[in-house]
Amino acid sequence: MIHIITTGGTIEGLDYENPENKTEQSEIAIREFLDLANVSFPYIIERAFSKDSRSITDEDRNFLLKKIKASNAEKILITHGTFTMEDTATYFGKEELKKTIVLVGSFILGSSANTDASFNLGYAICALQFLKPDVYVVMNGRIFHWSNVTKNLESNKFEPKNE
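Structure representation (structure tokens):
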């Protein structure tokens with residue numbers, strides 16, 4: 001069983017830069033991506049909150065941490081905005097949880113035809129099923145350990161800190 005916890009962000013089609021474009025119809029449900037992919041693994045989806053990741057606080061991270069600890073699932077996928085994804089991964093990584101936790105997001109709105117959301121989501125779910133318990137960021141076809149990831153604002157990609 002995979003427990004998917006959503007927090008908002010670009011992957012869900014939420015355009016925080018242009019709030020006037022934010023409508024219920026533009027929000028992309030993670031379930032829609034999974035339905036389109038015709039997945040056969042068991043999962044549950046839970047919305048924790050819907051925020052631009054720049055607005056996520058340590059209080060929000062603690063709220064997520066409680067959900068992770070309370071979950072019966074050993075595999076947790078968290079959809080998250082890219083601006084503070086590495087901060088949230090570090091917050092969870094320092095907790096030394098005995099679960100496999102993957103954070104994933106997108107750079108292009110999930111409601112856009114050319115979104116990277118579906119690829120990132122699919123890749124993250126695949127990785128989640130094979131990774132050992134720990135915390136990871138999975139973006140752009142790569143897997144990063146929580147202790148060695150950073151967002152490169154120039155290239156708009158995640159990369160290892162030591163690369």
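According to UniProt numbering, the sequence shown is numbered sequentially starting from 1. C-beta: ideal position from N, C-alpha, C; glycine also. Just so you know, these numbers come straight off a predicted model, no measurement behind them.
I'd like to confirm the pairing. Which residues does DSSP put opposite residue i in its beta bridges?
i           : result
residue 142 : 139
residue 149 : Per DSSP, none; premise fails for residue 149.
residue 3   : 44 and 76
residue 103 : 78 and 137
residue 158 : 151
If you compare alpha carbons, which of the options is closest to residue i?
i           : options              : result
residue 143 : 49, 101, 97 and 68   : 101
residue 76  : 131, 153, 147 and 13 : 131
residue 65  : 98, 39, 117 and 33   : 98
residue 32  : 11, 49 and 59        : 11
residue 108 : 156, 57 and 53       : 156
residue 140 : 133, 129 and 122     : 122
residue 57  : 159, 73, 81 and 37   : 81
residue 50  : 37, 35, 6 and 96     : 6
residue 34  : 89, 48 and 4         : 4
residue 158 : 84, 129 and 95       : 84
residue 73  : 30, 29, 96 and 128   : 128
Measure the beta-carbon distance from residue i to residue j and round it to whole angstroms, keeping in mind my assumption that it falls under 8 Å.
i           : j           : result
residue 149 : residue 86  : 5 Å
residue 2   : residue 125 : 7 Å
residue 61  : residue 91  : 5 Å
residue 120 : residue 111 : Going by Cβ atoms, the distance from residue 120 to residue 111 rounds to 15 Å, so no, they are not a contact pair.
residue 37  : residue 67  : 24 Å between Cβ atoms; not a contact.
Do you know offhand how far residue i's Cα is from residue j's?
i           : j           : result
residue 69  : residue 154 : 35 Å
residue 135 : residue 78  : 11 Å
residue 40  : residue 147 : 32 Å
residue 133 : residue 71  : 14 Å
residue 52  : residue 152 : 18 Å
residue 29  : residue 42  : 17 Å
residue 94  : residue 59  : 16 Å
residue 162 : residue 8   : 29 Å
residue 96  : residue 63  : 17 Å
Might you give, ordered along the chain, the residues of its own chain that have their beta carbon closer than 8 Å to the beta carbon of residue i, omitting 5 neighbours on each side?
i           : result
residue 114 : 108
residue 249 : An answer regarding residue 249 cannot be provided, because it is not within the stretch 1 to 163 covered by the chain.
Given residue i, which residues of its chain have a CB within under 6 Å of its CB, disregarding the five upstream and five downstream residues?
i           : result
residue 117 : 11, 106 and 110
residue 89  : 103, 135, 137 and 146
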